[in-house]
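Per UniProt numbering, the very first residue in the sequence shown carries number 1; after that it's consecutive.
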Amino acid sequence: MSDQSDQPDIANRSEGVAPAGESGERGKKTPALTRFLPLALVLVVAVIGAMTLGDYLTFETLRDNRVALMAFRDDNYLGLVGLFVLAYVVIVVFSLPGAAVASVTGGFLFGLVAGTVFNVLAATIGAVGIFLAARWGLGAMLTHRLEAAEGRVRTLKQALRENEIEVLLLLRLVPAVPFFVANLLPALVGVKLINFLWTTAVGIIPGAVVFTWIGVGLGAVFDRGETPDLSILWEPFVIGPILGLCVLATLPILLKKRRPATPGKDQ
């Protein structure tokens, strides 16, 4: 007499139903791959954009389309603002060439105050886009590993938590830190989104003002048949105040290190 307890298993296999262990493995692999898609998309588009758009996102293109842009601005100011912010966000998110041109264009089209506001808004939205793409993918995995790590890695993680605001501001203020790195690194070490958001918006203001200010005088530069000289960013009267802000952002970190430990605090 045959054992009837084996019949359900035979029926399941005949219908193509995978055992629970196999379906679980596939379920784990699919979300893991899906998490990498946003960051992979950013990297692929960045590479393609670097190879194809470098000749278009330039001051020469802006000069050649100057009249059309001014006419469109006068007829549809809000429409141009929307298009400008959207284009700038795409440039930042996908790290396309032309971020400096976009910042100068903000001053050229909208003036110093409005141009700075639109530049900061677009750059901040784009930075958050990169942050979330990295956090959704590599960030979650690396953050989990850092939490479980010991030794120097754990010490570094703790130091970042204790000085999170100051470090985030320094990443924005120090001119030597590439914008993409300042967007990606915080996501990979697990900083809070709200802190990343407001420190980005505040920290990029000095640089945004400088770029926008250059754009305000861009019309006169075009009239002389010249190209904007961005080397002005390294002039002492420009870089000096920015470095001063870097020092101010560093002071709280130094003061914390000099502050004597409170007895029993770590107990």
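Just so it is clear, CB atoms sit at the ideal spot from N, CA and C, and this is done for glycine as well.
Predicted model only: the values in this text are computed from it and were never measured.
Grab the span of the alpha helix (DSSP H) containing residue i for me, first residue to last.
| i | result |
| --- | --- |
| residue 119 | 112–134 |
| residue 226 | No alpha helix (DSSP H) holds residue 226; DSSP gives it neither H nor E. |
| residue 178 | From DSSP, residue 178 is part of no alpha helix (DSSP H); its letter is neither H nor E. |
| residue 191 | No alpha helix (DSSP H) holds residue 191; DSSP gives it neither H nor E. |
| residue 80 | 77–93 |
| residue 98 | From DSSP, residue 98 is part of no alpha helix (DSSP H); its letter is neither H nor E. |
| residue 217 | Segment: none, residue 217 is in no alpha helix (DSSP H) and carries neither H nor E. |
| residue 61 | 59–64 |
| residue 165 | 164–173 |
Thinking C-beta only, is residue j closer than 7 Å to residue i?
| i | j | result |
| --- | --- | --- |
| residue 125 | residue 89 | yes |
| residue 208 | residue 119 | yes |
| residue 97 | residue 57 | yes |
| residue 115 | residue 106 | yes |
| residue 211 | residue 103 | yes |
| residue 224 | residue 187 | no |
| residue 204 | residue 172 | yes |
| residue 73 | residue 83 | no |
Between the C-alpha atoms of residue i and residue j, what's the straight-line distance to the nearest angstrom?
| i | j | result |
| --- | --- | --- |
| residue 165 | residue 94 | 25 Å |
| residue 228 | residue 44 | 30 Å |
| residue 250 | residue 109 | 35 Å |
| residue 206 | residue 41 | 31 Å |
| residue 196 | residue 168 | 7 Å |
| residue 221 | residue 59 | 11 Å |
| residue 216 | residue 61 | 17 Å |
| residue 218 | residue 63 | 9 Å |
| residue 163 | residue 66 | 45 Å |
| residue 131 | residue 184 | 6 Å |
| residue 117 | residue 91 | 17 Å |
| residue 198 | residue 226 | 37 Å |
| residue 87 | residue 192 | 27 Å |
If distances are taken between C-alpha atoms only, which option among the options comes closest to residue i?
| i | options | result |
| --- | --- | --- |
| residue 122 | 205, 131, 214 and 85 | 85 |
| residue 170 | 100, 247 and 128 | 247 |
| residue 100 | 213, 133 and 188 | 213 |
| residue 127 | 243, 200, 244 and 226 | 200 |
| residue 190 | 174, 161 and 243 | 161 |
| residue 243 | 117, 133, 76 and 176 | 176 |
| residue 111 | 77, 174 and 192 | 77 |
Confirm the yes/no value for this check: CB of residue i, any heavy atom of the ligand FMN, distance under 6 Å.
| i | result |
| --- | --- |
| residue 79 | The ligand FMN is absent from the structure shown, which contains no ligand whatsoever. |
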